[in-house]
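A short worksheet on the structure shown next.
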Amino acid sequence: LSILLADIAVLLMGAIGTASHPGILIHDSPREADLGGHIYRRLLLCVAEVANELIGDKMVPFQQIITTTTPPPAGLKKKAVTQLKLGGEEGQLFGKQLHATSGEIQRELPMDETDDERGDGK
């Protein structure tokens, strides 16, 4: 929970101009990690409330993306939610498979002869 709160704090500080932050936050399955359902729902609703307060010129100064198997709280169900399906072509993120398939060959990057053997770039 403390890591999620720290992430959101820095995101919001960037949104109000008191810290440098790119304005996007991605959390991969935070509920499954260690949050209880009540804490998870309250956290999402709190971030949504803050986003509504920070809206300027009909634009929110940040974006939070959360991947989860838990449905959003009732108050957020009408917001933008994208459900992706595992497997198959339909519903894939970016409309295509992003990882290498077994038929593709992974090429190694060529090493420059001037690179030292320690690999520390010195």
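The numbers in the numbering used here rise by one with no breaks, and the one at position 82 of the sequence shown is 79. The beta-carbon is built from N, C-alpha and C at its ideal position, and this holds for glycine as well.
Beta-carbon contacts of residue i that lie in its chain and below 7 Å, excluding the five residues immediately before and after
i     : result
Arg38 : Pro70
Cβ shell of residue i (< 6 Å), same chain only, five flanking positions each side left out
i     : result
Leu1  : Pro27
Ala48 : Val57
Exposed unless 16 or more other CB atoms sit within 10 angstroms - verdict on residue i
i       : result
Ile63   : buried
Leu(-2) : exposed
Alpha carbon of residue i to alpha carbon of residue j, nearest angstrom
i      : j     : result
Ile5   : Leu41 : 10 Å
Gln60  : Leu22 : 6 Å
Gly34  : Ala3  : 19 Å
Thr65  : His24 : 9 Å
Leu120 : His18 : In the structure as shown, the chain starts at -2 and stops at 119, and residue 120 therefore has no counterpart that could be examined.
When the options are compared against residue i, the one with the closest alpha-carbon
i     : options                      : result
Lys75 : Gly20, Thr65, Leu(-2), Ala45 : Ala45
Leu32 : Lys55, Thr67, Gly72          : Thr67
Leu51 : Ala12, Gly92, Lys93          : Ala12
- Message: Runs of 3 residues minimum, wholly inside the segment -1 to 80: which ones carry the beta strand (DSSP E) assignment?
- Response: When DSSP assignments are scanned along the segment -1 to 80, the uninterrupted stretches of beta strand (DSSP E) that are 3 or more residues long and fall wholly within it turn out to be 21 to 25, 60 to 64.
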